[in-house]
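Asks:
In this note's numbering, the protein residues as written are 1 to 141.
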């Protein structure tokens, strides 16, 4: 299975179950045994396990192989080993404690082309209606 297709299948599976803060790191140039690291967060143990299950299902449906899944019993941090892609799914507190983004850091992989920001048009100024001179007020005596 092509690395881009596998990466796309993983991200789609994570988005299906409402995983958040999904990041993909290209580790091909690092001395590792895999080419991509995907990190995502889930808000509960149940969601973290569901995210891992969905990733496993999607990869198997696409004809890929899942080499192993670790941490499902606890559900705070689940690792899915897909060979050339490793997926870390964890609670936000666990994620911030271990800070894997710093370990794998560097440049993230852009998943979809981002649209350039729309240029804002300057506001149209309305012309003030011409009025005659202000009316004089009578002074009171």
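By construction, the Cβ of each residue, glycine as well, lies at the ideal position given by its N, Cα and C atoms.
From which residue to which residue does the alpha helix (DSSP H) around residue 14 run?
Replies: Residue numbering aside, residue 14 sits at position 14 when the chain shown is read from its first letter. Unbroken alpha helix (DSSP H) run through residue 14: 3–16.
Asks: Would you please state the rounded distance, in angstroms, between the beta carbons of residue 77 and residue 71? I believe it to be under 8 Å.
Replies: For the purposes of this step, residue 77 is identified with residue 77 of the chain shown, where counting begins at 1. For the purposes of this step, residue 71 is identified with residue 71 of the chain shown, where counting begins at 1. Residue 77 to residue 71, Cβ: 5 Å. Contact.
Asks: Could you name each continuous alpha helix (DSSP H) segment of 4 residues or more that falls completely within the stretch 55–81, going from the start of the chain to the end?
Replies: Runs of the alpha helix (DSSP H) spanning 4 or more residues and lying entirely within the stretch 55–81 do not occur at all.
Asks: Check for me: the alpha helix (DSSP H) holding residue 36 runs from which residue to which?
Replies: For the purposes of this step, residue 36 is taken as the residue at position 36 of the chain shown. Where residue 36 is concerned, there is no enclosing alpha helix (DSSP H), although the beta strand (DSSP E) it sits in stretches over 36–41.
Asks: Would you decide whether residue 6 is buried or exposed? Buried here means 16 or more other CB atoms lie within 10 Å of its CB.
Replies: Position 6 of the chain shown, counted from the start, is the residue given in the question as residue 6. So residue 6 ends up on the buried side.
Asks: Which of helix, strand or coil does DSSP assign to residue 84?
Replies: Indexing the chain shown from 1 puts residue 84 at position 84. Reduced to three states, the DSSP call for residue 84 is coil.
Asks: According to DSSP, which residues form a beta bridge with residue 30?
Replies: The count along the chain shown starts at 1 and reaches residue 30 at position 30. Answer by DSSP bridge pairing: none, since residue 30 is not bridged.
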